[in-house]
Amino acid sequence: MNNAGEYRKATDPNNGEVFFGPSTNQFAGADPAMIDSMLRKNISSLKLSPPDPVDVAAKFYQRFVYIHPFNNGNGRN
3 MNNAGEYRKA
13 TDPNNGEVFF
23 GPSTNQFAGA
33 DPAMIDSMLR
43 KNISSLKLSP
53 PDPVDVAAKF
63 YQRFVYIHPF
73 NNGNGRN
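As numbered in my numbering, residues 3 to 79 make up the sequence shown, in order.
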């Protein structure tokens, strides 16, 4: 995989959009130009999070999935 560890770019095959889920509720990942700043904000939010580790992990994961920073290529698609 030649793009391992790199954020998605607008020049990707789907024009920078990442879709998953049934066609009736497809989701496009965050704008590739915003990935770095959104990830930084998500990581920074860990410092301000409530003390419940399950809540912290769930919210972090939810935001990370929304950002979807990397290209697909893990064999699930």
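For glycine and all other residues, C-beta sits at the position ideal for the given N, C-alpha and C.
For the pair Ile37 and Tyr9, the CB atoms are nearer than the 7 Å cut-off. With respect to Pro34, Lys49 sits apart: the two C-beta atoms are not nearer than 7 Å.
The beta carbon of Ala32 sits closer than 6 Å to the beta carbons of Met40 and Ile69 from its chain, once the five residues preceding and following it are set aside; these are given in chain order. Residue nearest to Gln64 within the set Asn44, Asn73, Asp54 and Pro52 is Asn44 (criterion: CA-CA distance). When DSSP reads this structure, Phe72 sits in a beta bridge with Tyr9. For Met40, the enclosing alpha helix (DSSP H) begins and ends at Ile37 to Leu50.
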